[in-house]
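Trainee: Going by numbering that gives the first Met the number 0, the first residue of the sequence shown is number 0, and it counts up by one from there. Don't be surprised by glycine CBs; every beta carbon is placed ideally from N, CA and C. Remember, it's a predicted structure, so these values are computed and weren't measured experimentally. Quick one: this structure, given as structure tokens, is what I'll be asking you about.
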Amino acid sequence: MASKLSGIELTRYDDLFKTDAEREADRQERIQIVPAAEVFPYSRQPYTIDRPTSDLVRLMDSIEHIGIAEPLIVRPRESGGYEIISGHRRDYCAKAVGLDTRPVIVRNYSDEEADILVVDYNINREDLLPSEKAKAYKLKLDAMKRQGQRTDLTSDQVGPMLMGVRTNQVLAEQVSDSKTQVQRYIRLNKLIPPLLEAVDSGTVKFVPAADFLSHLSEKEQTYLLLVMERDEVSPSLGQAQRLKQLSGEGKLENNIIDLIMREEKPLERKVTIRNDRLQKYFPASYTPKQMEDVIIKLLEGWHRKRQQEQVR
């Protein structure tokens, strides 16, 4: 550390022989306190920052009481200030509770490195929506492909010259999903926004949406959405398959979509037992899960008894 003598700051001996790049690296790795107005979200950020979750509430409460414990990772912006690589939710919570500064570590990342790191910092969160994974996987895959096409990038995280199918496989090995699932998530990006929102909400199932509906044209998807909202229906796996097939053959007119979506689906066998009918059989402390477990055990015993009676 530099020392002071009679008010004059002396440079450390080792610092005299450092290159400008090394001095810049030392300066940037220090935690800096910068005005909140100089910190901006990453322009291709794939995740929803303000979606209310219990995790976000806990983070906001923590920041309100003790401040930001872990500094944001940022990179300089060409137009001034910094953009966030890691810490979007910390920044959002700090803004919500009125903090006017941010602790940051500044690093120089290329666009490809930044895209990959922005994805990696949050990709294993359990509360991610399908649309968030779709955008994140595509962002990272595109960056990996660009890295593979360049000779000046040697990121150990990705490896050199990754292209095509091989890149898909490498991406799958780095995340918690299989190669098939990664490809499905990326296909979701072909959906129009309202259909993608329907996947997030569960109105449209993930596999039919990724494997089949994502292959429809924007016009076909738009009319399908109209039918879904008008008739309060959603395509089954079989219906989605037929929609894709006819679209590929150039035969998916609006009236055909109407016909397919009006097909009767097999009724689900659904049984609902009112809570007041069950309560008298269980202690007040039993949770719904405990009640369900007991009912299933009793049914299994009843089923075995019937089987034994039929054998006699």
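Should Gln156 go down as buried or exposed, given a rule of 16 or more other Cβ atoms within 10 Å for buried?
Mentor: In this prediction, Gln156 has a pLDDT of 41, which is less than 50 and means its spatial position is unreliable; what the coordinates show is noted afterwards. Using a 10 angstroms sphere on the CB of Gln156, the tally of other CB atoms stays under 16, which defines it as exposed.
Trainee: Give the secondary structure of Leu128 by DSSP, where H, G and I count as helix, E and B as strand, and everything else as coil.
Mentor: coil
Trainee: Measure the Cβ-Cβ separation of Val206 and Ala197 and say whether it is below 7 angstroms.
Mentor: no
Trainee: Quick one: grab the DSSP three-state call for Glu77.
Mentor: Looking at Glu77 - three-state DSSP - the assignment turns out to be coil, as it is neither helix nor strand.
Trainee: Rounded to whole angstroms, what's the CA-CA distance from Asp141 to Ile115? Just pull it up for me.
Mentor: 9 angstroms
Trainee: Helix, strand or coil: which one does DSSP assign to Gln244?
Mentor: Judged by DSSP in its simplified three-state form, Gln244 adopts helix.
Trainee: So, with DSSP's three-state summary, where would you put Pro102?
Mentor: strand
Trainee: Enumerate in chain order the residues of its own chain whose CB-to-CB distance from Leu215 is below 8 angstroms, with the five nearest sequence positions on each side excluded.
Mentor: The residues are Leu223, Leu242, Lys243, Ser246 and Leu251.
Trainee: If you draw a straight line from the C-alpha of Arg101 to the C-alpha of Arg43, how long is it?
Mentor: 21 angstroms
Trainee: Helix, strand or coil: how does DSSP classify Ser200 here?
Mentor: DSSP places Ser200 in helix when its eight states are reduced to three.
Trainee: Which class does Gln220 belong to by DSSP, given the choice of helix, strand or coil?
Mentor: helix
Trainee: Return the chain-ordered list of same chain residues with a C-beta closer than 6 angstroms to the C-beta of Phe281, the five sequence neighbours on each side being excluded.
Mentor: Met290
Trainee: Measure the beta-carbon distance from Ile62 to Val73 and round it to whole angstroms, keeping in mind my assumption that it falls under 8 angstroms.
Mentor: Rounded, the Cβ-Cβ distance is 17 angstroms, inconsistent with contact.
Trainee: Contact defined as beta carbons within less than 8 angstroms: I believe Pro45 pairs with Ala135. What is the distance between those atoms, to the nearest angstrom?
Mentor: 4 angstroms
Trainee: Report buried or exposed for Glu278, applying the criterion of at least 16 other Cβ atoms within 10 angstroms of its Cβ.
Mentor: Here the sequence assigns Gln to residue 278, which means Glu is not the residue at that position. Exposed is the call here.
Trainee: Leu71 bridges to which residues according to DSSP?
Mentor: Val103
Trainee: Does the distance from the CB of Ala239 to the CB of Leu258 come in under 7 angstroms?
Mentor: no
Trainee: Considering Cα atoms alone, identify which of Thr221, Asp292, Val56 and Asn188 is closest to Ala95.
Mentor: Val56
Trainee: With a threshold of 7 angstroms on Cβ separation, who are the neighbours of Glu131 within its own chain once the five nearest residues in sequence on each side are excluded?
Mentor: Taking Glu131 as the centre and dropping the five residues before and after it, the same chain places the C-beta of Pro45, Tyr46 and Thr47 closer than 7 angstroms to its C-beta, in chain order.
Trainee: Does DSSP put Phe281 in a helix, in a strand, or in coil?
Mentor: coil
Trainee: Using a Cβ-Cβ cut-off of 8 angstroms (strictly less than) and excluding sequence neighbours within five positions of Ile185, which residues of its own chain qualify?
Mentor: Listed in chain order, the non-local C-beta contacts of Ile185 below 8 angstroms within the same chain comprise Ala133, Tyr136, Lys137 and Leu140, local neighbours out to five positions each way being set aside.
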